[in-house]
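The structure under discussion appears below in the form of structure tokens.
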Amino acid sequence: MSTQAQAVIGALYGDEGKGLMVDCLAAATQGAVVVRSNGGAQAGHTVVGAAGARHVFHHVGSGSFAGAATHFSRFFVAHPMLLLDELAALGQLGVTPKISSDPRALVTTPFDVIINQALELARGPARHGSCGLGFGETIERNLRPDFALSTKDLFRPDLRARLVSIRDAWVPVRLAALGITALPAELATALADDITIGHFEADCAAYLDRVTLWPDRRLCERGTIIFEAAQGLLLDQDSGAFPHVTRSNTGLANMLAIAVEAGITELDATYATRCYTTRHGAGPLKGEVSALPGINVADPTNAPNEWQGTLRLAPLDLGVLREAIAHDLALDRGGIAVKAGLAVTCLDQADDGFAVTDNGEGMRLDPAKAASRIANLVGLPLWAESWGPRRGDVRLHVDAVAA
1 MSTQAQAVIG
11 ALYGDEGKGL
21 MVDCLAAATQ
31 GAVVVRSNGG
41 AQAGHTVVGA
51 AGARHVFHHV
61 GSGSFAGAAT
71 HFSRFFVAHP
81 MLLLDELAAL
91 GQLGVTPKIS
101 SDPRALVTTP
111 FDVIINQALE
121 LARGPARHGS
131 CGLGFGETIE
141 RNLRPDFALS
151 TKDLFRPDLR
161 ARLVSIRDAW
171 VPVRLAALGI
181 TALPAELATA
191 LADDITIGHF
201 EADCAAYLDR
211 VTLWPDRRLC
221 ERGTIIFEAA
231 QGLLLDQDSG
241 AFPHVTRSNT
251 GLANMLAIAV
261 EAGITELDAT
271 YATRCYTTRH
281 GAGPLKGEVS
291 ALPGINVADP
301 TNAPNEWQGT
311 LRLAPLDLGV
321 LREAIAHDLA
331 LDRGGIAVKA
341 GLAVTCLDQA
351 DDGFAVTDNG
361 EGMRLDPAKA
371 ASRIANLVGL
381 PLWAESWGPR
391 RGDVRLHVDA
401 VAA
């Protein structure tokens, strides 16, 4: 039973290549278990298999193409409706992941989605950048014990009564608190229709058929742990620019809490960044530009959508990157030994002389040397660099990881 674990953390606003890094680590780790340490179905981690099969992982760990199992930690928010769709899509690719969940993992209901979408629509041009999947509303509802719903509660004989209570007692209170007096017609119909509850009950039953209950404290019995964070450090609820944050801790905090519970004593944390900066959704983005000279942006995952708009761009700001990682590494580690390294992705999209900035000063980099230069300026060893979207395009700096 190993007491060592690995981790992949997004260093900026998400979309840094976490899925690719987890896939690489899982392929190099026998008996890997990918642990979702925060977030929920709003995550989108893209992995391209050796034969070209492509999947955007939302629930399931991004090591699944490499045969890794998945575990939903107590900090994860499960979305039964969407998990079943994802498992069906993976099944068509010949992938059937083994999934476990801590009993405390929260569960999103259709009513959380309805409130989330109604609120974001009501904000108009002042949207926060929500994905519209009910993640934040799930956390808000679970602050009220009488309306809470976690994975263990899906076994309740009175599950339907609990769902009716959420719909009839919680939703009106929450909408009133948000100042929403009327719902769009489609959302109002879904809220009032008992069929919505019936469909969700069926989804929950199917979810329990596919997910095994397993407590976080016994994680090491399942295999070698790879923590997979969602979003990025600059979207952390405690250190990001409120209100344009996610309602979770996106870096080491949750991983360390799980590690203490599970008896993990050593953690190797890979902080991932593109060689440029992206942000999907509203909120500040230092140095934002409409186009990046010297960068041929390729991102089929983050297509424009009604909830988050178009992918936004800026040169990589090394000062911002350095500060975000330093803040995360300054957390109380609870006696756990943490080593950190950097992964730089999307180098295949950079032309010679592409620009990054540091303390307001621009500098031009040679893509072939850029990863080492960026890591050096950030003050971390370079553990990986990617020159394409597949595992075979990643250069792992094994000597640096082992040092």
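Just so we're aligned, residue 1 is where the sequence shown starts under UniProt numbering, counting upward by one. Ideal placement from N, C-alpha and C gives every residue a C-beta, glycine not left out.
Taking A371 and E385 to be in contact with their CB atoms under 8 Å, please state how far apart those CB atoms are, rounded to whole angstroms. Approximately 4 Å separates the beta-carbon atoms of A371 and E385; this is inside 8 Å, confirming the contact.
Output yes or no for whether 7 Å exceeds the beta carbon distance between T70 and V34. yes
Between the segment 72-91 and the segment 244-258, are three or more C-beta pairs nearer than 8 Å? yes
Bridge-paired residues (DSSP) for P315: Per DSSP, the beta-bridge partners of P315 are Y276.
Is it a yes or a no for the segment 226-233 touching the segment 22-31, going by three-plus beta-carbon pairs under 8 Å? yes
Of the residues V8, L342 and M363, the one placed nearest D352, counting alpha carbons only: Of the candidates V8, L342 and M363, the one whose C-alpha sits nearest the C-alpha of D352 is M363.
Would you say the beta carbon of G362 is closer than 6 Å to some non-hydrogen atom of the ligand ATP? In terms of ligand content, the structure shown is empty, and the ligand ATP therefore cannot be addressed.
Pick from C346, Y271, G67 and A241: whose alpha carbon is nearest that of P284? A241
Within the continuous beta strand (DSSP E) that includes K339, where are the two ends? A337 to T345 is the span of the beta strand (DSSP E), which, as asked, contains K339.
Contact set for H397: own chain, Cβ-Cβ below 6 Å, skip 5 residues either direction: L382 and W383
So what's I374 in DSSP terms, helix, strand or just coil? The three-state secondary structure of I374, taken from DSSP, is helix.
In whole angstroms, give me the CA-to-CA distance for L235 and L377. 23 Å
When the distance is taken between beta carbons, is M255 closer than 7 Å to S37? yes
Beta carbon of V48 nearer than 7 Å to that of P97: Contact flag unset, no.
Can you look up Q6 in the DSSP assignment and give me helix, strand or coil? strand
So, under 8 Å CB-CB, T278 and A343 are touching, yes? Tell me the CB distance rounded to an integer number of Å. Not confirmed; about 15 Å, so no contact.
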